[in-house]
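Peer 1: Per the UniProt record's numbering, numbering through the sequence shown is continuous, rising by one, with the last residue being 289.
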Amino acid sequence: MKRQPLRLAILEAIRILEEAGVASPRNDAELLAAHVLGVDRGRLPLTPLVDPPVVEALGQLVARRAKRVPLQYLTGWSAMGEITVAVGSGVFVPRPETELLLEWGLGVLAGRTHPVVVDLCTGSGALALAVANAVPDAIVYAVDVDATALAWARRNADTRVEAGDSAIRLYSGDIGDRTMFAELDGLVDLVLCNPPYVPAGTYVPPEVADHDPEHAVFAPGDGLEVIRHAVAAGARLLRPGGGVAIEHDDTQGSAVPELLAARRVLADVRAHTDLAGRSRFATARRAGS
Ligand SMILES: C[S@@+](CC[C@H](N)C(=O)[O-])C[C@H]1O[C@@H](n2cnc3c(N)ncnc32)[C@H](O)[C@@H]1O
1 MKRQPLRLAI LEAIRILEEA GVASPRNDAE LLAAHVLGVD RGRLPLTPLV DPPVVEALGQ
61 LVARRAKRVP LQYLTGWSAM GEITVAVGSG VFVPRPETEL LLEWGLGVLA GRTHPVVVDL
121 CTGSGALALA VANAVPDAIV YAVDVDATAL AWARRNADTR VEAGDSAIRL YSGDIGDRTM
181 FAELDGLVDL VLCNPPYVPA GTYVPPEVAD HDPEHAVFAP GDGLEVIRHA VAAGARLLRP
241 GGGVAIEHDD TQGSAVPELL AARRVLADVR AHTDLAGRSR FATARRAGS
């Protein structure tokens, strides 16, 4: 079997993905090649020639990606902070922009001992597990309403414990339930929430429309229904000086800070943008110190 240049296989993959309208063809082609070879993307140049079965395996993955199957469903993982979590059918794929929420949250926790953290709408568990990894003495609670998401979160939580991280406490529940985590009222240092927030009827790309669970992406009407629950939970759960961060749609850059500011116990409300300058998440601190 004649070995083939990997560079040519990747160029062909980029061409196919470009034609299919994939947003980041080079990134995806290289990550798929790295996945097939079982190496980090940065090590691809160290493999100039590959066997035909590698080219074939890459071709099969590229064909599925061209049908707009999410890249992360094909590689089986998505990154959050310093960790990766397993993802696949039935669970929301964690997005790079949510790392901004994580970064802000880790800033709130700096200098605190045994901080209590709650991740509302945990999905794969990405945020909760990334906090547990970064702050080993944190006591991290996470909740989701969806049984499939919770199964992924449980699997990821077990993997992280095997890797040496602290265990998180996973719960099934609806964040609209005012008794959810009632035993933690006024005791929480950090509440993080990446809820469903896309207003119903908004166009989303095929990767999202056909693969992310609908209830993980869309919220009824103006898209603020679950965010309203997160604001209420944040106000109830936080201890004085604690912080809440809620991700939102770029059309909700005024609405979410207003919802936070309307809570008497919350102060220091801020709107945050992502690296592209799009309105992305809002934060507040519980008044007092
Ligand atoms: C956008 S995904 C975010 C998942 C994860 N936090 C992340 O950033 O990757 C939203 C998650 O919220 C869950 N969810 C939707 N409505 C909920 C509710 N009322 N209570 C609890 N979880 C909810 C969905 O099942 C989904 O897993």
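All residues carry an ideal CB built from backbone N, CA and C; glycine is no exception.
Thinking R285 and G241 are a contact (beta carbons under 8 angstroms), I'd like their distance in whole angstroms, please.
Peer 2: Yes, R285 and G241 are in contact; Cβ-Cβ is about 6 angstroms, under 8 angstroms.
Peer 1: Using the Cα positions of L32 and N194, report the straight-line distance between them to the nearest angstrom.
Peer 2: Approximately 27 angstroms, taken between the alpha carbons.
Peer 1: Taking the continuous alpha helix (DSSP H) assigned at D210, which residues delimit it?
Peer 2: Segment 206-211, the alpha helix (DSSP H) holding D210.
Peer 1: Smallest Cα separation from A147: which of D174, L127, E207, A128?
Peer 2: Checking every option, the nearest Cα to that of A147 belongs to D174.
Peer 1: Reducing DSSP to helix, strand and coil, say where L238 ends up.
Peer 2: Here L238 sits in strand by DSSP.
Peer 1: So what does A233 bridge to, in DSSP terms?
Peer 2: A233 pairs with nothing; no bridge assigned.
Peer 1: I believe V191 touches G234 by the beta-carbon criterion, under 8 angstroms. Please report the beta-carbon distance rounded to the nearest angstrom.
Peer 2: Confirmed, about 4 angstroms.
Peer 1: Looking at D146 and ligand 1, is the gap between the Cβ and the nearest heavy atom below 7 angstroms?
Peer 2: D146 Cβ: within cutoff of ligand 1.
Peer 1: Does any heavy atom of ligand 1 sit closer than 7 angstroms to the C-beta of H211?
Peer 2: For ligand 1, not one heavy atom lies less than 7 angstroms from the Cβ of H211.
Peer 1: For G123, is the beta carbon positioned less than 7 angstroms from some heavy atom of ligand 1?
Peer 2: Result yes, Cβ under 7 angstroms from ligand 1.
Peer 1: Less than 8 angstroms between the CB atoms is what I'm expecting for H272 and P70, so what's the real figure, rounded?
Peer 2: Contact flag wrong, Cβ pair sits at about 25 angstroms.
Peer 1: Taking contact to mean at least 3 C-beta pairs separated by less than 8 angstroms, is the stretch 153-161 in contact with the stretch 98-114?
Peer 2: Judged by Cβ distances under 8 angstroms, the stretch 153-161 makes no contact with the stretch 98-114, as fewer than three pairs qualify.
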